[in-house]
Amino acid sequence: MKGQSMSDIKILVATHKEFYRPENPLIFQVQVGSALADHHIEGILHDDEGENISKKNRSYCELTAQYWAWKNLQADYYGFFHYRRYMSFKQNFPVINGKIQLKRWTPYLEADSLEGDLSPYDLDEMHMRHVIEQYDVITVLSERMDVTAYEQFGQFHRIGDLDRAIAILKEMYPEQAAACDAYMQSKYIYFCNMYIMKREYFHAYMNWLFPVLEKFESQTDFSGYSDKEKRVTGYIAERLFGVYYTWLKQQGSAKCAEVPYVIFHQNVREFQFGKKGPRIKVDMRKVNQLIPAGTMRRRMVRRLLRKEL
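The sequence shown maps to residues 0 to 308 in numbering that gives the first Met the number 0.
Okay, here's the thing in structure tokens:
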């Protein structure tokens, strides 16, 4: 509005290699795991400067960028994207009485390249500001699964890890036990660890999240874990975000909204069937055209694949 100063919005895009970033004063790339890298990527932020946990990137994944922002960055709004996943601001769906007012939705869109036309997603400063400044918390649309959030974790990871994290959470924050149970039994899952929060909500979330993760690490023996399994702290955090967001919605005081996200494909993706199944190259754009995410067809294919495997 005229006469008012603009909010300081900083959206960090986690990347581990050089990658195109659109020209946008709200978007900043940050090299995650900088302390473990052979070199610093020039011209972007690095998560090993100031107070940081950059050396934990192999287990904490993109959370090293969130921790770095929490400890070192001043902003009115903090946001987090992935180098190939950005939020779309073309449509936003406010949370009313704990829910968005949609019966069906596809959680993500797809595009070939970040270097293409971004106007279909309103990824420009004016449109982004218009949406962001309306809310306290924005995250991506959930994905409808045919299993619960708890069961889905167990399909790909050690379920004992999630059990341990849940026990820690309930011990530390008993008032959030009901929200935890509700989310873990829900079939609507919030993936990607992508969100935008107003300063006070972001700092409250960080102060809530990292003590849980630190206690989880201290109680977990990682000696027999593969490199992928050692990333479990990041996977746990993704589920904990769903719990915290569920609790926020239950409280009803935060203005929340959900938006689709965009996957920018630069090449084909390698897909693995189950935990130990064969790996094949799949063009996910074609797959998603035939069986879009969030549809009954998608859930039926998942069921059939699991039965065959």
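Idealized CB from N, CA, C, for every residue including glycine. Please read these numbers as outputs of a predicted model, since none were measured by experiment.
Subject >> Alpha-carbon spacing of Arg163 relative to Ser118, whole angstroms >> reply: 44 Å
**OP:** Spell out the partners DSSP gives Ala256 in its beta bridges.
**Re:** Pro93, Ile137
Original post:
Which term fits Ile195, buried or exposed, when burial requires 16 or more other beta carbons within 10 angstroms of its beta carbon?
Top reply: buried
Original post:
Quick one, which of Val130, Leu108, Gly241 has its alpha-carbon nearest Thr147's?
Top reply: Gly241
Original post:
Just the Cα atoms here: how many angstroms apart are Lys186 and Leu247?
Top reply: 18 Å
Subject >> C-alpha distance - Phe92 paired with Ser222, whole-angstrom precision >> reply: 44 Å
Subject >> beta strand (DSSP E) runs wholly inside the segment 148-236, at least 3 long, in chain order >> reply: The segment 148-236 contains these whole beta strand (DSSP E) runs: 194-197.
**OP:** Please name the residue or residues paired with Phe263 in a DSSP beta bridge.
**Re:** Ala110
Original post:
What first and last residue would you give for the alpha helix (DSSP H) that runs through His126?
Top reply: 124-131 is the extent of the alpha helix (DSSP H) around His126.
Original post:
To the nearest angstrom, how far is it from the Cα of Ser112 to the Cα of Thr138?
Top reply: 22 Å
Original post:
Which one of Glu237, Leu239, Arg238, Glu216 has the shortest CA to CA distance from Lys229?
Top reply: Glu216
Subject >> Where Pro21 falls, given that 16 or more other Cβ within 10 Å makes a residue buried >> reply: exposed
**OP:** Please confirm whether Pro106 and Glu142 have their CB atoms less than 7 Å apart.
**Re:** yes
Original post:
Does the segment 47-57 touch the segment 79-94, meaning 3 or more C-beta pairs lie closer than 8 Å?
Top reply: no
Original post:
Which stretch, first to last residue, makes up the beta strand (DSSP E) that contains Thr105?
Top reply: First-last for Thr105: undefined, no H or E at that position.
Subject >> Coarse secondary structure for Phe27, derived from DSSP in three states >> reply: Looking at Phe27 - three-state DSSP - the assignment turns out to be strand.
Subject >> Outcome for Leu11 when other beta-carbon atoms lying within 10 angstroms are tallied against a minimum of 16 >> reply: With 16 or more other Cβ atoms within 10 Å, it is buried.
Original post:
Would the beta-carbon of Val136 fall within 7 Å of that of Ala253?
Top reply: yes
Original post:
Leu117 lies in the beta strand (DSSP E); which residues open and close that run?
Top reply: No beta strand (DSSP E) contains Leu117, which DSSP labels as neither H nor E.
**OP:** Look at Tyr234 and Met86 and say whether their C-beta atoms are less than 7 Å apart.
**Re:** no
Original post:
Is Arg296 helix, strand or coil when you go by DSSP?
Top reply: helix
**OP:** Ignore the nearest five residues each way along the sequence and tell me which others in Cys179's own chain have a CB closer than 7 Å to its CB.
**Re:** The answer, listed in chain order, is Ile165, Leu168, Lys169, Val242.
Subject >> Buried versus exposed, by CB contacts within 10 Å (16 or more), Phe152 >> reply: buried
Subject >> Own chain partners of Ile52 with C-beta closer than 7 Å, once the 5 adjacent residues on each side are dropped >> reply: Tyr59, Thr63, Tyr66
Original post:
Going by other Cβ atoms of all chains shown within 10 Å of its Cβ, with 16 needed for buried, is Ala177 buried or exposed?
Top reply: exposed
**OP:** Keeping to the same chain, check which residues put their C-beta closer than 7 Å to that of His156; ignore five residues upstream and five downstream.
**Re:** These residues qualify, in order along the chain: Val231, Tyr234.
**OP:** Output the distance between the C-alpha atoms of Ala34 and Lys89, rounded to the nearest integer angstrom.
**Re:** 37 Å
Original post:
Between the Cα of Tyr200 and the Cα atoms of Ile290, Tyr76, His129, Leu25, which residue gives the shortest distance?
Top reply: Tyr76
Subject >> Cα-Cα separation, Val267 to Met171 >> reply: Note on Val267: pLDDT 36, under 50, position unreliable in the model; the coordinate value appears next. Distance between the alpha carbons of Val267 and Met171: 42 Å.
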